[in-house]
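What follows is one structure encoded as structure tokens, with my remarks underneath.
Numbering (the UniProt record's numbering), first residue to last: 1 to 742.
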């Protein structure tokens with residue numbers, strides 16, 4: 001891949017020093033700038049540079065959507081793929097809202113971040129797609145206007161749901177109208193089942209006898225149906241086809257999509273193929289786009305071998321199911337979860353919730369986000385160590401307080417761009433410190449690992465910019481709760497509170513600026529040097545690519561290298577270690593981190609292998625020779641399956657990361673004893689084989705059902721399984737009177 005960066009000042013309307021931007025860009029093959037890249041002189045010059053250097057990947061500073069489309073067409077004309085053209089907003093997000101020094105520094109950092117992310121994306125290969133073939137069957141419940149508005153290609157069935165539709169016959173020419181009140185909708189896109197109940201069967205011929213003889217207002221003419229509260233009586237005998245069934249009859253019909261304007265949403269966010277609320281042009285387009293199935297980008301990268309949802313009939317982690325706001329994940333069995341990728345809307349909630357990396361976003365990947373963050377916080381100073389030294393000289397500074405902002409691309413990003421436009425138009429006059437943006441599909445993507453890594457990379461603070469109550473996915477509560485938890489964690493790590501959740505709203509420029517200034521001004525300089533830490537997202541490469549000292553002890557004894565990289569648990573722990581290399585933690589127990597837990601075992605443990613067998617990350621082991629149950633805090637992801645499966649109910653998991661239990665604080669030994677009990681040695685071979693407590697339990701439960709084994713009267717429970725099998729296979733000694741005499 002040969003990359004070129006092209007910088008533009010938008011006809012000098014941006015407060016940018018083009019030369020300084022060029023000098024601040026790293027990792028590309030060629031850099032060029034112009035005051036008008038898309039102009040008559042700019043495009044020919046770009047063509048010449050691209051051809052001369054044989055570029056196949058472009059990064060262009062341009063915020064205007066129509067001009068971006070023109071650049072993509074221009075690139076295609078030079079046989080460069082459209083997805084190999086990336087853009088940076090140097091105008092609304094930088095040159096129109098910040099002073100020249102800050103805008104220049106920010107633009108260079110943004111280009112470096114895009115380049116770093118593109119390198120990761122290129123290494124991952126081409127994007128994949130998900131297909132879901134369906135039909136065109138659409139159920140509409142109780143709304144004739146919605147049924148009439150749907151496209152002709154849809155096979156529409158309208159359930160009256162108790163409404164009188166006699167006056168709407170002409171409007172519903174191609175719509176199949178069915179009687180019945182809806183009692184349930186099950187299933188998902190392409191496989192919905194609508195269950196309706198009616199007091200009139202399909203034998204009805206619409207003769208109107210019941211309408212004439214029945215209670216006033218209790219029976220509709222079209223379709224003929226009887227209200228559930230209609231009184232029984234002799235009038236029910238009027239039907240010539242015996243179609244009246246006052247106890248009600250139910251039937252279920254299958255559909256590909258359901259439009260239920262009066263229905264309640266089954267999920268926190270939008271559900272693919274299940275449309276509730278007022279029907280408008282957007283609803284009609286959504287239904288039409290799903291007819292006969294869909295093909296869409298594959299948003300999720302699944303590694304189900306790493307899933308800790310459960311095992312052997314015991315439930316474990318349920319974080320992804322709880323987090324998904326769109327019903328795209330369900331618990332298919334008590335010990336397994338299933339992903340329905342056609343219903344995924346790319347919010348990332350499941351990926352930030354998953355501790356093991358079993359599910360991660362394909363684009364942007366966690367690694368791609370990490371590289372963007374590391375590029376953003378790295379000073380554009382040619383390595384001199386101070387912000388903007390070579391760019392601006394001693395009298396000016398670029399970005400003095402690096403604050404990264406994870407920005408929702410659906411609404412929050414557009415609102416921030418609007419602030420820049422208002423500033424340029426002279427309709428507002430605001431000034432706030434620069435935020436270094438990382439675009440995400442939704443702030444649900446951001447988890448504790450992302451926030452901790454950003455601090456480990458050297459940021460002074462992190463803002464999460466979401467849509468607030470306008471969020472189309474989980475809403476503001478999960479992100480606000482995440483920020484609160486992680487602020488507690490950084491306080492325990494000695495950094496104080498470093499995170500904020502902001503919800504920019506249209507036109508509220510002054511309020512947003514005040515919030516940013518208040519947050520940034522309260523941040524002390526981070527003790528962690530910017531630009532040094534390069535994450536690996538693993539535990540078996542401690543120190544990362546930045547060259548930190550390895551932990552004591554053998555890696556192979558501590559960590560399973562098959563775990564996906566940049567899983568939340570491993571990535572967060574790597575970041576905590578990078579932070580504590582420079583910070584002064586206030587306590588050993590770091591609170592607020594959900595992906596870490598430590599074990600407590602009460603009296604009554606019988607040292608059975610249940611918890612060790614169930615643990616999906618091998619964080620528990622039974623040392624029966626020593627009579628110990630041992631726990632590895634470094635490997636535990638706090639899934640809870642051990643506590644669920646404990647047959648004695650004596651095991652409790654506590655939330656939090658206890659640094660005193662990590663191998664670096666234990667001389668390299670990751671294993672700690674959480675319970676110790678008396679061990680029994682086999683009466684036959686002398687091998688330790690069980691705890692005395694477990695033998696006592698067995699004696700109590702089945703001892704009276706088992707006989708003694710021989711003249712020594714040793715109990716069967718005193719033998720290991722091997723010796724016990726041999727003893728039970730031996731013939732019994734004959735009674736004295738039965739022995740041969742001679």
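Virtual Cβ for every residue (Gly too), placed ideally from N, Cα, C. Keep in mind it's a predicted model, so treat the numbers as computed, not measured.
Meets three-Cβ-pair contact criterion under 8 Å: the stretch 65-76 and the stretch 401-408
No: the two stretches stay apart, fewer than three of their Cβ pairs being nearer than 8 Å.
Three-state class that DSSP yields for residue 351 in the structure shown:
Counting from one through the chain shown, the residue named residue 351 turns up at place 351. Secondary structure at residue 351: helix, using DSSP grouped into helix, strand and coil.
Among all the DSSP beta bridges, which residues are the ones paired with residue 1?
One-based indexing of the chain shown puts residue 1 at position 1. Partner(s): none; residue 1 has no beta bridge.
Would you kindly report the start and end of the unbroken beta strand (DSSP E) that includes residue 428?
Position 428 of the chain shown holds residue 428. From DSSP, residue 428 is part of no beta strand (DSSP E); its letter is neither H nor E.
Below 6 Å CB to CB, which residues in the same chain sit around residue 501 once its five sequence neighbours on both sides are set aside?
Translated into positions along the chain shown, residue 501 becomes position 501. So the list reads 464, 479, 480 and 483, once near-sequence residues are dropped.
Roughly how many angstroms lie between the CA atoms of residue 653 and residue 312, to the nearest whole one?
Within the chain shown, numbered from 1, the residue matching residue 653 stands at position 653. Within the chain shown, numbered from 1, the residue matching residue 312 stands at position 312. So the alpha carbons of these two residues sit roughly 20 Å apart.
contact_flag[the stretch 274-281, the stretch 605-614] where n(CB pairs < 8 Å) is 3 or more
Counting Cβ pairs under 8 Å, fewer than three are found: no touch.
In the DSSP assignment, the alpha helix (DSSP H) including residue 490 goes from what residue to what residue?
Taking the first residue of the chain shown as 1, we reach residue 490 at position 490. Per DSSP, residue 490 belongs to the alpha helix (DSSP H) from 477-492.
Those runs of the alpha helix (DSSP H) which lie wholly inside the stretch 617-679 and span at least 4 residues:
Qualifying alpha helix (DSSP H) stretches, in chain order: 641-645.
Say whether the stretch 114-132 touches the stretch 353-367, bearing in mind that this needs 3 or more beta-carbon pairs closer than 8 Å, one atom from each stretch.
They touch, by the three-pair rule.
Touching by the beta-carbon criterion (3+ pairs, under 8 Å), the stretch 234-247 and the stretch 282-289
Segments in contact, no.
Do residue 59 and residue 3 have their CB atoms nearer than 8 Å?
Taking the chain shown and counting its residues from 1, one reaches residue 59 at position 59. Taking the chain shown and counting its residues from 1, one reaches residue 3 at position 3. Yes, they are a contact pair.
Taking the alpha-carbon of residue 7 as reference, which of 66, 107, 40 and 41 has the nearest alpha-carbon?
Translated into the one-based positions of the chain shown, residue 7 becomes position 7. Taking residue 7 as reference, the option from 66, 107, 40 and 41 with the minimal CA-CA separation is 107.
Using a Cβ-Cβ cut-off of 7 Å (strictly less than) and excluding sequence neighbours within five positions of residue 56, which residues of its own chain qualify?
Within the chain shown, residue 56 is the residue found at index 56, counting from 1. Counting only residues of its own chain and dropping the five nearest sequence neighbours on each side, residue 56 has a CB closer than 7 Å to the CB of 1, 2, 80 and 84.
Could you tell me whether the stretch 572-588 touches the stretch 649-665, where touching means 3 or more Cβ pairs closer than 8 Å?
Taking 8 Å as the limit for Cβ pairs, the verdict is that the stretch 649-665 does touch the stretch 572-588.
Could you work out which residue in 351, 255 and 21 is closest to residue 101 when comparing CA atoms only?
For the purposes of this step, residue 101 is taken as the residue at position 101 of the chain shown. Restricting attention to 351, 255 and 21, the CA atom closest to the CA of residue 101 is found in 21.
Quick one: measure Cβ to Cβ for residue 444 and residue 474, integer angstroms, because I've assumed they're closer than 8 Å.
Here residue 444 refers to the residue found at position 444 when the chain shown is read from its first residue. Here residue 474 refers to the residue found at position 474 when the chain shown is read from its first residue. With a contact defined as Cβ atoms closer than 8 Å, residue 444 and residue 474 qualify at about 5 Å.
Between 451, 243, 419 and 721, which has its C-alpha nearest residue 504's C-alpha?
Mapped onto the chain shown, residue 504 falls at position 504. Of 451, 243, 419 and 721, the residue nearest in Cα terms is 419.
Beta-carbon separation (whole angstroms), residue 339 vs residue 300, contact threshold 8 Å
Within the chain shown, the letter at position 339 stands for residue 339. Within the chain shown, the letter at position 300 stands for residue 300. Contact between residue 339 and residue 300 holds, with the beta-carbon distance rounding to 6 Å and staying under 8 Å.
Excluding the five sequence neighbours on either side, which residues of its own chain have a C-beta within less than 7 Å of the C-beta of residue 676, listed in chain order?
Your numbering for residue 676 matches position 676 in the chain shown. So the list reads 627 and 628, once near-sequence residues are dropped.
Drop a sphere of 10 angstroms on the beta-carbon of residue 127, count the other beta-carbons inside from all chains shown, and report buried for 16 or more, exposed for fewer.
By one-based count along the chain shown, residue 127 stands at place 127. If you draw a 10 Å sphere on the C-beta of residue 127, you find fewer than 16 other C-beta atoms in it, and that means exposed.
Simplified DSSP state of residue 719, which is helix, strand or coil:
By 1-based counting over the chain shown, the position of residue 719 is 719. Of the three classes helix, strand and coil, the one that applies to residue 719 here is coil, per DSSP.
Simplified DSSP state of residue 742, which is helix, strand or coil:
Here residue 742 corresponds to residue number 742 of the chain shown, with the count starting at 1. Because the pLDDT at residue 742 is just 40, under 50, the model does not fix this residue reliably, and the point stays unresolved.
DSSP beta-bridge partners for residue 274?
Here residue 274 refers to the residue found at position 274 of the chain shown. DSSP output for residue 274 lists 258 and 271 as bridge partner(s).
My output table needs one value for residue 65: the three-state DSSP class, helix, strand or coil.
Counting from 1 along the chain shown, the entry for residue 65 is found at position 65. Correct three-state label for residue 65: helix.
Residue 539: buried (16+ other C-beta within 10 angstroms of its C-beta) or exposed?
The residue you call residue 539 lines up with position 539 of the chain shown. By the C-beta density criterion, residue 539 is buried, having at least 16 other C-beta atoms within 10 angstroms.
With a CB to CB cut of under 6 Å and the five nearest residues on each side skipped, what residues in its chain are close to residue 331?
If you number the chain shown from 1, residue 331 lands on position 331. Here residue 331 has 321 and 337 as same chain residues with Cβ atoms under 6 Å from its own Cβ, once five neighbours each way along the sequence are excluded.
Residues bridged to residue 132 by DSSP?
Taking the chain shown and counting its residues from 1, the one referred to as residue 132 is at position 132. BP columns for residue 132 point to 294.
Check the DSSP bridge columns for residue 330 and list the partner residues they point to.
By 1-based counting over the chain shown, the position of residue 330 is 330. Residue pairing of residue 330 in beta bridges, as defined by DSSP: 338.
Between residue 290 and chain E, is the shortest Cβ-Cβ distance under 8 Å, so that the two count as touching?
Of the protein chains in this structure there is only one, and it is not chain E.
Helix, strand or coil: how does DSSP classify residue 691 here?
Residue 691 sits at position 691 when you count from the first residue of the chain shown. Three-state result, residue 691: strand.
Straight-line Cα distance separating residue 35 from residue 15:
By one-based count along the chain shown, residue 15 stands at place 15. By one-based count along the chain shown, residue 35 stands at place 35. In a straight line, the C-alpha of residue 15 is about 11 Å away from that of residue 35.
Quickly, what does DSSP pair residue 315 with across the bridge? List them, please.
Here residue 315 refers to the residue found at position 315 when the chain shown is read from its first residue. Checking the DSSP bridge columns, you'll see residue 315 partnered with 310.
Specify the secondary structure class of residue 44 as computed by DSSP and reduced to three states.
To locate residue 44, count along the chain shown from 1; it is residue 44. Residue state, collapsed to three classes: helix.
Rounding to the nearest angstrom, what Cα-Cα distance links residue 457 and residue 109 in this structure?
Here the question's residue 457 lines up with position 457 in the chain shown. Here the question's residue 109 lines up with position 109 in the chain shown. C-alpha separation (whole angstroms): 14 Å.
Taking the DSSP output, what are the residues bridged to residue 156?
Indexing the chain shown from 1 puts residue 156 at position 156. Beta-bridge analysis with DSSP links residue 156 to 138.
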